[in-house]
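Q: Questions regarding the structure given below will be posed in turn.
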Amino acid sequence: NAGVTQTPKFQVLKTGQSMTLQCAQDMNHNSMYWYRQDPGMGLRLIYYSASEGTTDKGEVPNGYNVSRLNKREFSLRLESAAPSQTSVYFCASSVTRNNYGYTFGSGTRLTVV
Amino acid sequence: GENVEQHPSTLSVQEGDSAVIKCTYSDSASNYFPWYKQELGKRPQLIIDIRSNVGEKKDQRIAVTLNKTAKHFSLHITETQPEDSAVYFCAAHGGATNKLIFGTGTLLAVQP
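Structure follows, in structure tokens:
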């Protein structure tokens, strides 16, 4: 039982490149989330998926897209990376949107140069 | 929008002393308040939480208090140990946004 698994753990991109961050959970959770963590800013919600087939914007969605591929997987895509997207990205999941026991993945450290 | 403020941003205590971290929230309809601990380079992990129908909750050396009227909640760690050193985040959930909104974190350093 791995919990929430994120790949890759580290990535360096050049400005303008694209990439997809992958997230998968094996806890049969319905809701999944993408956060970014920047120094002094805490964790800010980028997008979330309350259930399979639905996605919604969070606090800082600009420059990102998401796909809820199935119940297990929720990916985050940067179409044209910018230095401002240098951050640590965390995926999380919970049983439902209103069940607040969030489990976080181990994070992806992304640097855009 | 909903906002969670957290203080202090850094806190240094001697081993064995108590540590208190305070948060305020803006949305009076918020109904769930978790605390997460994040060790250096690791993921945030839930350490304790409280719901709006409870004023205080304890789990061994940690406790959380909630004042709904003032929209304040606090984390109390007693008999601190070096392994308590980490960044602690408060969060508030519910209300108009129905999302978990985090504070900006407190770096706690416990000096041996």
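Chains as they are written, first to last, in the working numbering: chain A, -14 to 98; chain B, 119 to 230.
Backbone N, C-alpha and C fix where the C-beta goes; we use that ideal spot for every residue, glycine too.
Is the Cβ of F75 of chain A closer than 9 Å to any Cβ of chain B?
A: Output row for F75 of chain A: interface = yes.
Q: Quick one: using the 10 Å Cβ neighbour count with 16 as the cut-off for buried, is H125 of chain B buried or exposed?
A: Exposed: under 16 other Cβ atoms inside 10 Å.
Q: At the level of alpha carbons, what is the spacing between L164 of chain B and V131 of chain B?
A: Looking at the two C-alpha atoms, the distance is approximately 22 Å.
Q: Just to make sure I have the definition right: I need the residues of chain B whose C-beta is within less than 7 Å of the C-beta of F59 of chain A. Which are they?
A: What F59 of chain A touches in chain B: nothing, since even the nearest Cβ is about 15 Å away.
Q: Using a Cβ-Cβ cut-off of 9 Å, state whether G173 of chain B counts as contacting chain A.
A: It does not; no Cβ of chain A falls within 9 Å.
Q: Out of B:L218, B:C141, B:D202 and B:H211, which has the shortest C-alpha to C-alpha gap to E133 of chain B?
A: That would be B:D202, whose Cα lies nearest to the Cα of E133 of chain B.
Q: Helix, strand or coil: which one does DSSP assign to Q199 of chain B?
A: Q199 of chain B: coil per DSSP, three-state reduction.
Q: With which residues is D177 of chain B paired in a DSSP beta bridge?
A: The partner list for D177 of chain B (beta bridge, DSSP) reads B:I180.
Q: Under 9 Å, Cβ to Cβ, is there at least one residue of chain A near Q158 of chain B?
A: Strictly speaking, residue 158 of chain B in this sequence is Leu, with Gln absent from that position. Chain A, which has no Cβ nearer than 9 Å to the Cβ of L158 of chain B, makes this no.
Q: May I ask you to list the residues that DSSP assigns as paired with H194 of chain B?
A: Answer is B:V138 and B:A181.
Q: Whose CA, out of A:L6, A:G1 and A:T0, lies closest to the CA of P(-7) of chain A?
A: Nearest option by C-alpha distance: A:L6.
Q: Would you report the Cα separation of Q199 of chain B and K176 of chain B, rounded to the nearest angstrom?
A: Going by the C-alpha atoms only, they are around 17 Å apart.
Q: Could you give the DSSP three-state label for P68 of chain A: helix, strand or coil?
A: Residue state, collapsed to three classes: helix.
Q: What span of residues does the beta strand (DSSP E) with S52 of chain A cover, start to end?
A: Looking at the DSSP string, the run of the beta strand (DSSP E) that includes S52 of chain A is Y49 to R53.
Q: May I ask you to report which of helix, strand or coil DSSP gives K42 of chain A?
A: Here K42 of chain A sits in strand by DSSP.
Q: Expressed to the nearest angstrom, what Euclidean distance is found between the alpha-carbon atoms of I168 of chain B and V80 of chain A?
A: The alpha-carbon atoms of I168 of chain B and V80 of chain A are separated by roughly 18 Å.
Q: Of all the CB atoms in chain A, is at least one closer than 9 Å to the CB of F191 of chain B?
A: No, its Cβ sits nowhere closer than 9 Å to a Cβ of chain A.
Q: For R161 of chain B, which three-state DSSP category applies?
A: Note: R161 of chain B maps to coil in three-state DSSP.
Q: Please decide whether E44 of chain A counts as near chain B, where near means a Cβ-Cβ distance under 9 Å.
A: It does: the Cβ of E44 of chain A has a partner Cβ on chain B nearer than 9 Å.
Q: Taking P143 of chain B as the reference, give the member of B:G159, B:L184, B:R161 and B:L158 with the closest Cα.
A: A quick correction: the sequence has Tyr, not Pro, at residue 143 of chain B. Selected option, being the one with the closest Cα: B:L184.
Q: Between L129 of chain B and chain A, is the shortest Cβ-Cβ distance under 9 Å, so that the two count as touching?
A: L129 of chain B does not count as touching chain A.
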